[in-house]
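**Q**
Number of protein chains: 2
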Amino acid sequence: MAIAQEKIIARLFVASALGEGALLELSGNHHHYLAHSLRAEAGQRAALFNGREGEWRAIIRAIGKKSVTVEAELRLRMQYDCPDIQLAFAPVKNEKIDFTVRRATELGVSALLPVITQRTVVTRINTDRLRANAIEAAEQCGRMDIPLLHPPQKLETMLSQWPPERTMLHCDETGKGMPFHSLLPGLDKGKYAVLIGPEGGFSPEERQRLASLPYAKAVSLGPRILRAETAALAALANLMAWAGDWEERPAFS
Amino acid sequence: MAIAQEKIIARLFVASALGEGALLELSGNHHHYLAHSLRAEAGQRAALFNGREGEWRAIIRAIGKKSVTVEAELRLRMQYDCPDIQLAFAPVKNEKIDFTVRRATELGVSALLPVITQRTVVTRINTDRLRANAIEAAEQCGRMDIPLLHPPQKLETMLSQWPPERTMLHCDETGKGMPFHSLLPGLDKGKYAVLIGPEGGFSPEERQRLASLPYAKAVSLGPRILRAETAALAALANLMAWAGDWEERPAFS
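Chains as they are written, first to last, in our numbering: chain A, 1 to 253; chain B, 1001 to 1253.
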């Protein structure tokens, strides 16, 4: 197939509308990446996606000093959104948060919700950095949407506004939660969220509050004490395998 | 319970035998950690484990310039070994390998097998660094055994000596593998290994070789392209939930 043989040198998330013949000026990081890191040339091809109109093959028309002009040629894949599985997490140090955001994006989360709990130490979040990490991970893993980034909010605020149809699985490090394998086979493909507490765990009051919520289920991740970021990925990976889209195959565009 | 009220300031893996009244001289990193990082004092207590005789409460008897003398007082927990689930992985850059080793140790792997495939770029491995990471993660996550560390070996060497009773799940990034959720419920608590290829994937010959092996099963981790370290953890987390010990609760000693 001719389409597949055109070498794609980069896969980029763009904000603009995409369609046949659409001309885009890529600046900032995208310009730097194409012009300097890849030393791209006019005539080479990139893939573009914007989270709405699928993935497009685009040809580089010109490399300027501050921007790269590309033209969308052909839709390679129709838009495909990740399952509606969110991750709510207590923010930690930058490095670990980068890691969690990137890995969760690869695993296919639909939204990232930083949540401030009673024992959360880090309360300021660099949202731009979070977004940049999510976008880079999405570009690399082949997903066609970017996880929605919520502003940080207090746990109680989040809980009081929670849509009851979205099941929340919170990881209970006291081991009193339901083992994952007895929960998973009963799940349908609905709306979910994984909630991970801070390193010090939820406070007794928070735990009690969570236990009182009809939409929240405590799950157990076994006898070892997982770090927050390991717990987040372990829970997401299990949920994705059952209530996500792991029966889908990767598309190689 | 009086035992639980004794504050444990550190949890350390030691090589020596443990038993009531056993005196140990902790040097090197352990000395540094206790004497300098924690500024520990005689009379304080640590937990010790050696992978064979359970977890012991020990009292610090003396802090010397080069070693700390501790005396084992009381067994807090009987020896408990992690499930026999191994991780075979193509080595990557130090930073990522540290990450994989630490997270896999927390998840409870029984052994780490670095394996050189045709497309493996990194072939030299700092085994001391690998071991140090595995030990630190074991100390922190509460496990009582350290994952066995195999020396790096070629994929073909590993396959030709593979014990047929150990099922190998290799992650097939072409998406032709079995989705995890159709495989997991049928698994018993036996011997397993997860095999993760390098960033460039297995070569066609390697894939063919793996397909010919009765003990190997190709599994699929869904439509997104996971980085090697994300794939390793995602596969391990699923396997641990079903064929591991996630129905066990953490013990707080």
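The beta carbon of each residue, even a glycine, is placed where N, CA and C say it ideally should be.
Quantities reported herein were computed from a predicted structural model and do not represent experimental measurements.
Exposed or buried, what is A4(A) when buried is set at 16 or more other beta-carbons lying within 10 Å of its beta-carbon?
**A** Here residue 4(A) is taken as the residue at index 4 of the first sequence, counted from 1. In this prediction, A4(A) scores a pLDDT of 46, lower than 50, which makes its location untrustworthy; the coordinate-derived value is nonetheless stated afterwards. By the neighbour-count rule (16 or more Cβ atoms within 10 Å), A4(A) is not buried but exposed.
**Q** Restricting to Cα atoms, I'd like to know which of D1172(B), Q1140(B), E1136(B) is closest to R1207(B).
**A** The residue given as residue 1207(B) occupies position 207 in the second sequence. The shortest Cα separation from R1207(B) among D1172(B), Q1140(B), E1136(B) belongs to D1172(B).
**Q** Beta carbons nearer than 7 Å to chain A: which residues of the stretch 1215-1231 of chain B have them?
**A** S1220, L1221, G1222, P1223, R1224, I1225, L1226, R1227, T1230
**Q** 8 Å is my cut-off, CB to CB: does E106(A) come that close to chain B?
**A** The sequence position of residue 106(A) within the first sequence is 106, counting from 1. Yes, contact with chain B.
**Q** F1013(B) CB to nearest chain A CB: under 8 Å?
**A** The residue you call residue 1013(B) lines up with position 13 of the second sequence. Not closer than 8 Å to any Cβ of chain A, the Cβ of F1013(B) fails to qualify, so no.
**Q** Taking its Cβ as the centre, do 16 or more other Cβ atoms sit within 10 Å of P1223(B), making it buried, or is it exposed?
**A** Reading the second sequence from its first residue, position 223 is the one you call residue 1223(B). That one is buried.
**Q** Would you tell me roughly how many angstroms separate the C-alpha atoms of M144(A) and L76(A), rounded to the nearest one?
**A** Numbered from its first residue, the first sequence carries residue 144(A) at position 144. Numbered from its first residue, the first sequence carries residue 76(A) at position 76. So the two alpha carbons sit approximately 11 Å from each other.
**Q** Can you pull the chain A neighbours of P1179(B), defined as C-beta to C-beta under 8 Å?
**A** As a position in the second sequence, residue 1179(B) is number 179, starting the count at 1. Ordered by position in chain A, the residues that pass the 8 Å Cβ test against P1179(B) are A241, W246, E247.
**Q** Report, in whole angstroms, the separation of the C-beta atoms of N133(A) and V101(A), which I expect to be a contact under 8 Å.
**A** Locating residue 133(A) in the first sequence gives position 133, where the first residue counts as 1. Locating residue 101(A) in the first sequence gives position 101, where the first residue counts as 1. Confirmed, Cβ separation roughly 4 Å.
**Q** In terms of residues, what are the limits of the alpha helix (DSSP H) holding H1181(B)?
**A** Taking the first residue of the second sequence as 1, we reach residue 1181(B) at position 181. Element bounds for H1181(B): 1180-1183.
**Q** Would you call G1186(B) buried or exposed, if buried means 16 or more other Cβ atoms sit within 10 Å of its Cβ?
**A** In the second sequence, counting from the first residue as 1, residue 1186(B) sits at position 186. G1186(B) comes out exposed.
**Q** Whether or not the stretch 1018-1034 of chain B and the stretch 1122-1129 of chain B are in contact is what I'm after, with contact meaning three or more pairs of Cβ atoms, one per stretch, closer than 8 Å; do they touch?
**A** no
**Q** Scan the stretch 1022-1085 of chain B and note each continuous alpha helix (DSSP H) run of 4 residues or more that stays entirely inside, going in chain order.
**A** Restricted to the stretch 1022-1085 of chain B, the alpha helix (DSSP H) segments that are unbroken, complete and at least 4 residues in length are 1028-1031, listed in chain order.
**Q** Using a Cβ-Cβ distance under 8 Å, would N126(A) count as near chain B?
**A** Start at 1 with the first residue of the first sequence, and residue 126(A) comes out as number 126. No, no contact with chain B.
**Q** Which residues bound the alpha helix (DSSP H) around F99(A)?
**A** Here residue 99(A) is taken as the residue at index 99 of the first sequence, counted from 1. F99(A) -> alpha helix (DSSP H) spans 94-107.
**Q** When the Cα atoms are used, what is the spatial distance from N1238(B) to L1018(B)?
**A** The residue labelled residue 1238(B) in the question sits at position 238 within the second sequence. The residue labelled residue 1018(B) in the question sits at position 18 within the second sequence. Their backbone Cα atoms lie some 34 Å apart in a straight line.
**Q** Out of curiosity, what's the CA-to-CA distance linking A1058(B) and L1112(B)?
**A** Residue numbering aside, residue 1058(B) sits at position 58 when the second sequence is read from its first letter. Residue numbering aside, residue 1112(B) sits at position 112 when the second sequence is read from its first letter. The alpha-carbon atoms of A1058(B) and L1112(B) are separated by roughly 30 Å.
**Q** Does N94(A) come within less than 8 Å of chain B when only Cβ atoms are used?
**A** Here residue 94(A) corresponds to residue number 94 of the first sequence, with the count starting at 1. Judged by the 8 Å Cβ criterion, N94(A) is not in contact with chain B.
**Q** Taking only beta-carbon atoms, is G1197(B) less than 8 Å away from chain A?
**A** Position 197 of the second sequence, counted from the start, is the residue given in the question as residue 1197(B). Not one chain A Cβ lies under 8 Å of G1197(B).
**Q** Taking 8 Å as the CB-CB cut-off, is R143(A) touching chain B?
**A** Indexing the first sequence from 1 puts residue 143(A) at position 143. Yes - at least one Cβ of chain B is within 8 Å of the one on R143(A).
**Q** Quick one: is D1245(B) buried, meaning 16 or more other Cβ sit within 10 Å of its Cβ, or exposed?
**A** Position 245 of the second sequence holds residue 1245(B). With 16 or more Cβ atoms within 10 Å of its Cβ, D1245(B) is classed as buried.
**Q** Rounded to whole angstroms, what's the CA-CA distance from Y1080(B) to V1115(B)? Just pull it up for me.
**A** Along the second sequence, read from residue 1 onward, the residue named residue 1080(B) stands at position 80. Along the second sequence, read from residue 1 onward, the residue named residue 1115(B) stands at position 115. Approximately 28 Å between the Cα atoms of the pair.
**Q** If you reduce the DSSP assignment to three classes, tell me which class M1168(B) lands in.
**A** Within the second sequence, residue 1168(B) is the residue found at index 168, counting from 1. In the structure shown, M1168(B) sits in a strand (DSSP, three-state: E or B).
**Q** DSSP three-state call for Q1118(B): helix, strand or coil?
**A** Locating residue 1118(B) in the second sequence gives position 118, where the first residue counts as 1. The answer is coil: DSSP assigns Q1118(B) none of H, G, I, E or B.
**Q** Kindly list the residues whose CB is nearer than 8 Å to the CB of V219(A), restricted to its own chain and excluding five residues on each side of it in sequence; keep chain order.
**A** Here residue 219(A) is taken as the residue at index 219 of the first sequence, counted from 1. The residues are L169, H170, C171, D172, G177, M178, P179, F180, L183, A235.
**Q** For the stretch 112-138 of chain A, which residues have a CB atom closer than 7 Å to at least one CB atom of chain B, in sequence order?
**A** none
**Q** Could you please give the first and the last residue of the uninterrupted alpha helix (DSSP H) stretch that includes S220(A)?
**A** For the purposes of this step, residue 220(A) is identified with residue 220 of the first sequence, where counting begins at 1. From DSSP, S220(A) is part of no alpha helix (DSSP H) but of the beta strand (DSSP E) over 216-220.
**Q** Using a Cβ-Cβ distance cut-off of 8 Å, determine whether N238(A) contacts chain B.
**A** Translated into positions along the first sequence, residue 238(A) becomes position 238. True, the Cβ-Cβ gap to chain B drops below 8 Å.
**Q** If you follow the alpha helix (DSSP H) that A1017(B) is part of, which residue opens it and which one closes it?
**A** By 1-based counting over the second sequence, the position of residue 1017(B) is 17. From DSSP, A1017(B) is part of no alpha helix (DSSP H); its letter is neither H nor E.
**Q** Give me, in chain order, the residues of the same chain whose beta-carbon lies closer than 7 Å to that of T69(A); leave out the 5 immediate sequence neighbours on both sides.
**A** Start at 1 with the first residue of the first sequence, and residue 69(A) comes out as number 69. The beta carbon of T69(A) is closer than 7 Å to those of L23, E25, R61, A62 in its chain, skipping five residues each way along the sequence.
**Q** Please check if any C-beta of chain A sits within less than 8 Å of the C-beta of E1055(B).
**A** One-based indexing of the second sequence puts residue 1055(B) at position 55. No, because no Cβ of chain A sits closer than 8 Å to the Cβ of E1055(B).
**Q** So, using beta-carbon positions, are A1193(B) and P1083(B) closer together than 8 Å?
**A** In the second sequence, residue 1193(B) corresponds to position 193, counting from 1. In the second sequence, residue 1083(B) corresponds to position 83, counting from 1. No, the Cβ-Cβ distance between A1193(B) and P1083(B) is not below 8 Å.
**Q** I'd like to know whether the C-beta of L261(A) is nearer than 8 Å to at least one C-beta of chain B.
**A** Shown here, chain A extends from 1 to 253; a query on residue 261(A) therefore has no answer.
**Q** Quick one: grab the DSSP three-state call for L1149(B).
**A** Locating residue 1149(B) in the second sequence gives position 149, counting from the first residue. Residue state, collapsed to three classes: strand.
**Q** Opposite L112(A) in the DSSP bridges: which residues?
**A** Counted from its first residue, the first sequence places residue 112(A) at position 112. Per DSSP, L87(A), L149(A).
**Q** Just the C-alpha distance for P1198(B) and G21(A), rounded to the nearest angstrom, thanks.
**A** Here residue 1198(B) refers to the residue found at position 198 of the second sequence. Here residue 21(A) refers to the residue found at position 21 of the first sequence. The alpha-carbon atoms of P1198(B) and G21(A) are separated by roughly 38 Å.
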